[in-house]
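Quick mapping for you: the protein sequence lines, in order, are chains A and B. So the first sequence is numbered by our numbering: it starts at 682 and just counts up by one. So the second sequence is numbered by our numbering: it starts at 682 and just counts up by one. Every residue gets a Cβ at the ideal spot worked out from N, C-alpha and C, and that includes glycine. Since this is a predicted model, take the numbers as computed values, not measurements. Taking it in order: structure first as C-alpha cells, then the write-up.
2 protein chains.
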Amino acid sequence: MVELTRKQREMERRTAEILRVARPILIAEGFQGLSMHRVAAQMEYATGTIYNHFPNKEEIVLALAVESMGLRRNLFEHAAMVTGSSRQRMMAIGVACEFFTQHCTDDFLVEQCIRNQGIWEKSSESIQGLIRQCEAQCMGIVAGIVRDAVAQRELIIYEELTAEEIVFGLWAINYGSQILTHSSPSLAAIGINDPINAIRVHCCTLLNGFAWQPVMMSKDYNDEMKRLSEALQPKFWSLRSQRKQSDN
Amino acid sequence: MVELTRKQREMERRTAEILRVARPILIAEGFQGLSMHRVAAQMEYATGTIYNHFPNKEEIVLALAVESMGLRRNLFEHAAMVTGSSRQRMMAIGVACEFFTQHCTDDFLVEQCIRNQGIWEKSSESIQGLIRQCEAQCMGIVAGIVRDAVAQRELIIYEELTAEEIVFGLWAINYGSQILTHSSPSLAAIGINDPINAIRVHCCTLLNGFAWQPVMMSKDYNDEMKRLSEALQPKFWSLRSQRKQSDN
DNA sequence: TGTTTTTTTTGACATTGCGTCAATAATTGA
DNA sequence: TCAATTATTGACGCAATGTCAAAAAAAACA
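Structure below.
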C-alpha cells in the first residue's frame, strides 16, 4: 500500500515535470513546435514513457490549460473578495483579467489553445471535464457578484437575462479584445491606439448602460481601477509566483 | 502576349480550383486535416503542382480567409447603406455580423484561422497585407458610421476615444461571443441559454451607455433588429451565393 | 512540319513527427 | 534468490511536408 502510493507520487511528480518542460516550448513555438520527442529528449526519457502519462500531444496542452485556468480562477476568487460595492467587486474582476493578460502572458496563450477545434476534439472526456469545471468556477464567481448586486438593489435586470448571460457579455468583450490585441499585429495602424483603455471605457459604459450603481464617469472608473489594481497586485503576484514555483 | 494572358488565366483558374477543393476539407477536418497531398489527389495533380500555386499550407488557409473576409466586407458595405439614423445603420452592421456567423458558418470558421499564431507566422507578407486590407476596410465602414453619428450629433464621445476605438469594443464583444459560443460546447450548462439574444442586449446596452441617440429599450431594439434583418436578408443571401458560385 | 528551347508537371525522396509495441530492464514479493 | 509483475525503451509503421532532378508538354523557331 505504502509502496503503491510512493509510486503514484513519483508518477505524478513526473507528470508535473513533463508539463514544466512542455510549457515553455508551447509558449515559444506554438502547438506545432511542441513535439513529444523533444519533451522526452529534454527530460532524458524515451518517447514511449511520455505516452504513459499523456495519450497524445493535445492532452498535454489541455493539462497545461487546466493549470493556467486554475490561476485565473484563483485571481478571480481574490478579486471577488474585495470589500466594497458590487460594482467595485466587478471592477476587481476586470483588474484580475487585465493582470492575467498582461502579467501571465504565458498562461493567457495556453488558455487560448482550448478554443482550437482540433485540440479539443482529440482529447479525452476527463480532461475536458476539468476544463469545463474551471470555466464553470470562474463563471460562478463572477455571476455571484451579479446576483449580489441584484440582491443589494444595485443592479436591476430589466431584460430577460440570467446573471450568467450578463457575465457572458463582459466575458465576450474582454476575451474578444484580448484575442484581437494579441493577433492583430498592428491595431494602431487601423486607429486603435490604446486598446486596454478602450476596453476599460467600454466595460464602464456597458455597466452604466445597465444602470449598475453607482454609475460612473470613465475618469472616476479609471481612478478606481488604478486603486484596485494597486490594492490587488501584491496578492496577484504571489498567486502567480505560487504557480510558477510549483513548476520547479 | 495573348498566349501569356491565357496561361495566366489558366493558372488563376487552377488557383481558385485549389481553394475550392481545400475549403470543405479545412471546414470539415480543421487545419491538421487539410493535407496538400489530399488536395492534389482530389484534383488529380501531383503534389508539386500545388506548390506552384501556394508555397505552403498556411498560405492556402490565408487565401481562403481573404475570400471569407471579402464576403464579410461586402455584407458590411451593404448594411452600412441602409437608410435611417446612424444608430440604425450600426444595428444593420450587427445584423450583418449575425448573418455571417449563422449563415456563413464556413467563412466564419475560416476567418478564425488567421488568429492562429503558427498559421500567421508561416505565411508571406503579401497575403498578410491582403488580410490586413480587408480588416481595415471593415473597420473603415463601421468607423464611418460612428463618425457620421458624431457629425449628426446623435453621438457625443466624451471619452478620449477614436471612432475606431468605439468600434473596437463592438468588434470585441461580437467576436468574443462568437468564439466562445463556437468553442464552449455547453454554454447552456453554465447558465447561458440564449447567447445570441444576450449579445444583442449587451450591444444595445452599450450603445445606450454611450447615449447614442435614439436610446432604446431592448424590446424595441429586438424589433428593429428583426425588421432590419428581414430587409437585408435578400441582399445578404445573394452576396453569399455570389461567392459560392464563383467557387464552382 | 520538325527541331530546339523553355516551361510545367511529376512523383520519388529526404525529413520530421506521431503514436505503437515487442523486447528489455527494473522492481516487487515470496 | 528467483519468478512475476510492472515500467521503460527505442526502432518501426505510418502519414505529411516541402524539394528537386527528371520527364513531359508547350512554345518558339526554322
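Determine the chain A residues that contact Ser-899(B) at a beta-carbon separation under 7 Å, and present them in chain order. Glu-840
Should Ser-864(B) be listed as close to the ligand SAM, given that the test is whether its C-beta is under 7 Å from any heavy atom? For the structure depicted, the ligand SAM is absent and the ligand set is empty, with no information on it obtainable.
When burial is assigned at 16 or more other CB atoms within 10 Å of the CB, is Glu-748(B) buried or exposed? buried
Going by the CB atoms, is the gap between Val-720(B) and Ile-731(B) shorter than 8 Å? yes
For Ile-741(A), decide whether its Cβ has a neighbour in chain B, counting only Cβ atoms nearer than 8 Å. no
Distance, Cα to Cα, Ala-830(B) vs Val-763(B)? 14 Å
State yes or no: is the beta carbon of Glu-748(A) nearer than 8 Å to at least one beta carbon in chain B? no
Tell me where the alpha helix (DSSP H) around Asp-797(A) begins and ends. For the record, residue 797(A) in the displayed sequence is Asn; it is not Asp. That residue, Asn-797(A), is in no alpha helix (DSSP H); it is neither H nor E in DSSP.
Just confirm the distance between the C-beta atoms of Leu-836(A) and Trp-893(A), as a whole number of angstroms; I'd bet it's less than 8 Å. 5 Å
Which parts of the stretch 839-921 of chain A are runs of the beta strand (DSSP E), unbroken and 3 residues or longer, counting only runs that do not cross its ends? none
Return helix, strand or coil for Asn-737(B), following the three-state DSSP convention. coil
For Ser-899(A), collect the residues of the same chain with a Cβ closer than 8 Å to its Cβ; drop the 5 residues on either side in sequence, then sort them by chain order. Arg-881, Val-882, Cys-885, Thr-886
Quick check on Val-882(B) - is its C-beta less than 8 Å from some C-beta in chain A? yes
Quick one: Cα of Glu-806(B) to Cα of Cys-778(B), how far? 28 Å
I think Ala-824(A) touches Val-791(A), with their Cβ atoms under 8 Å apart; what is that distance to the nearest whole Å? With 8 Å as the limit, Ala-824(A) and Val-791(A) do not qualify as a contact, their Cβ atoms being about 24 Å apart.
C-beta contact flag for Ile-822(A) and Phe-781(A) at 8 Å: no
Interface residues of chain A around Glu-911(B) at Cβ under 8 Å? The premise fails here: Glu-911(B) is roughly 22 Å from chain A at the closest Cβ pair, so nothing lies under 8 Å.
Chain A partners of Ile-826(B), CB-CB under 8 Å? Neighbours of Ile-826(B) on chain A: none; closest Cβ ~14 Å, over 8 Å.
Which residues of chain A have a Cβ atom closer than 7 Å to the Cβ of Leu-887(B), listed in chain order? His-883, Thr-886, Leu-887, Gly-890
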